[in-house]
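K.L.:
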Amino acid sequence: RQSNVGLNTERNQNLGGVTKIVGSKVFVFFEGDYDSFEKQLDAGLIEVLINQLVYGGNWRQVIRNSTLVNLPEWYTKGLISYLTNNTDPFIKAKIKDGILNNKFKRFNILTNEQAELVGHGLWEYVSKSYGNEVIPNILYMTRISREVDDGFLYVIGLTLNQLYAEWRTQCKAKYGQSNSAETRNM
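In my numbering, the protein residues as written are 94 to 279.
(1) Classify Thr262: buried if its beta carbon has 16 or more other beta carbons within 10 angstroms, exposed otherwise.
(2) Mapping the DSSP letters down to three states, classify Phe122 as helix, strand or coil.
(3) For the candidate residues Gly224, Leu251, Pro165, Lys170, whose alpha-carbon lies nearest to that of Leu138?
(4) Measure the C-alpha to C-alpha separation of Leu253 and Glu206 and round it to an integer number of angstroms.
(5) Could you have a look at Lys132 and say whether DSSP puts it in helix, strand or coil?
(6) Let me check understanding here. Comparing Cα to Cα, which of Arg199, Gly125, Asn179, Asp126 lies closest to Gln255?
(7) Is it the case that the Cβ atoms of Met234 and Tyr247 are separated by a distance below 8 Å?
(8) Would you mind reading off the limits of the alpha helix (DSSP H) that contains Gly224?
(9) Nearest-angstrom Cα distance between Glu166 and Trp216?
(10) Rounded to whole angstroms, what is the Cα-Cα separation between Lys189 and Ala266?
(11) Which whole-angstrom value describes the C-beta separation of Ile173 and Glu140, a residue pair presumed to lie in contact below a C-beta threshold of 8 Å?
(12) Determine the closest residue to Gln133 out of Lys221, Asn144, Thr177, Pro182, with distance taken between C-alpha atoms.
(13) Excluding the 5 residues flanking Phe130 on each side, which residues of the same chain have their C-beta closer than 6 Å to its C-beta?
(14) When the Cα atoms are used, what is the spatial distance from Tyr223 to Ile249?
(15) CA-CA distance, Ile202 and Gly125?
(16) Let's test the definition: count the other Cβ atoms within 10 Å of the Cβ of Ala136 and tell me whether it reaches 16, buried, or not, exposed.
(17) Grouping DSSP H, G and I as helix and E and B as strand, with all else coil, what is Phe183?
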């Protein structure tokens with residue numbers, strides 16, 4: 094759990110189990126569980142790829158784009174979660190709970206786990222509704238336009254608020270049906 098690369102970062106980010114990224118290097122920590130190790134590795138590599146797509150490959154592009162593009166937590170963490178844990182039933186259950194209990198009412202102010210869950214759900218909805226091939230296009234258009242909303246608008250033709258409303262409506266209909274089916278079976 095030790096490395097001398099990137100020592101000027103905060104000490105609490107170097108705890109075991111936290112994937113640490115310095116430039117294009119990914120540090121993962123093996124804790125005895127190969128599944129956890131593989132998920133850390135996948136998440137780290139995907140984060141590097143997202144950073145490359147959005148911020149650029151060389152240091153000049155990274156400096157220029159990092160000051161102009163500010164990605165919200167739901168955008169990056171949600172995409173990483175979707176790409177690494179696409180079929181995780183616990184994540185799907187948490188998203189269902191959040192939708193049914195109105196925990197995700199205003200997605201722009203969500204942080205941490207809720208932001209990741211909303212992002213996961215949104216990216217999954219985009220992928221299923223518009224195809225997997227639009228995800229890199231959205232990332233690229235976000236980089237070019239320097240606005241998250243414009244990335245979605247240019248690629249799928251919906252503003253972020255429209256997409257979010259559409260996703261919530263679809264989820265409420267889907268989960269409302271599953272709840273009514275569960276009560277009929279009891």
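Where is the CB? At the ideal position from N, CA and C, for every residue including glycine.
P.N.:
With the given structure in hand:
(1) Exposed, because fewer than 16 other Cβ atoms sit within 10 Å of the Cβ of Thr262.
(2) coil
(3) Lys170
(4) 20 Å
(5) helix
(6) Arg199
(7) yes
(8) Run containing Gly224: none; DSSP gives neither H nor E here.
(9) 13 Å
(10) 11 Å
(11) 6 Å
(12) Thr177
(13) Cβ neighbours of Phe130 within its own chain (closer than 6 Å, five residues either side excluded): Phe123.
(14) 7 Å
(15) Cα to Cα, the separation comes out at about 36 Å.
(16) buried
(17) helix
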